[in-house]
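Counting from 2, one number per residue, gives the positions in the sequence shown under our numbering.
Single-structure report; data block below.
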Amino acid sequence: MKFLVTIGLALLLLTLESVVVQQLGLAISRIDVTVVLVAFLAVRANTLEGAVSSFSVGYLLDLMSGQPTGLFTFLAVFTFLVGKLVVSLVEVRSRAAFVLFAMGADAGHGMLASFFTWLTTKEGSLALLPGLPLQVTLTGIAAVFLYPLLRRFEASQDRSSSAGLLR
């Protein structure tokens, strides 16, 4: 996916996520759509494009989350790089495999976010961990619905790139 499409989609999904989480009344959990985007980038994007896009998606999440600045930026790039390593070892082409991959990425992302938040706050609380199973489940459900959409965006970007080369 192209950089601007990824950023626009991240903004749209983060906005939808915040509305849905508020409407559902989720206090200790969320739907981590940014991890689904980063997981898709790990599966489909080249390393440079994916790392830059993951950095930007993480930065947007930093701006919208209120967590320590730089936490989600770092974690998005780290999750992307670990995801690239996993994708080189495991086949992630089907929707089911992608959903499991995104859920695993979200579990790792959530645990690291809790750990680094615990390290950097005065309270030293790991209060986000009890909500992690629900968050991973909700992220998996989001991945089921986002995977075809992300594939469609990728296909349209590939068509426009190849059409530009033919001119």
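Glycine is no exception: its CB is placed at the ideal position from the N, C-alpha and C atoms.
Applying the 10 Å Cβ sphere with the 16-neighbour rule, what's the burial state of Gln24? exposed
Can you have a look at Val39 and say buried or exposed, based on whether 16 or more other CB atoms are within 10 angstroms of its CB? buried
Please classify Lys85: does DSSP put it in a helix, a strand, or coil? helix
Please list, in chain order, all residues of the same chain as Leu147 whose beta carbon is under 6 Å from its beta carbon, the five residues on each side excluded. Val37
Is the Cβ-Cβ distance between Phe81 and Ala43 less than 8 Å? yes
Whole-angstrom distance between Thr140 and Leu13, CA atom to CA atom: 16 Å
For Gln68, three-class secondary structure by DSSP: coil
Closer than 7 Å by C-beta to Leu5: which residues in its own chain qualify, once you throw out the five before and the five after it? Chain order, please. none
Residues in the same chain with beta-carbon distance under 8 Å from Gln108, minus the five sequence neighbours each way, listed in chain order, please. The sequence given here has Ala at residue 108, not Gln. Same-chain partners within the cutoff: Leu133, Val137.
Contact check, Val76 vs Leu130 under 8 Å by CB: the rounded distance? Val is not the amino acid found at residue 76; the sequence shown has Leu there. Going by Cβ atoms, the distance from Leu76 to Leu130 rounds to 15 Å, so no, they are not a contact pair.
Please go through the same chain and pick out, in chain order, the residues whose beta-carbon is closer than 6 Å to the beta-carbon of Glu18, but skip the five residues on each side of it. Ile32, Val34
Is Leu120 closer than 8 Å to Leu61 when the C-beta atoms are compared? no
Would Gly51 and Thr74 be called neighbours here (beta carbons separated by less than 8 Å)? no
From this set, Phe117, Arg96, Ala103, which residue's C-alpha is nearest Arg152's C-alpha? Arg96
For Ser55 and Val1, believed in contact at Cβ under 8 Å, the rounded distance: Only positions 2 to 168 of the chain appear in the structure, and residue 1 is not among them; the question remains open.
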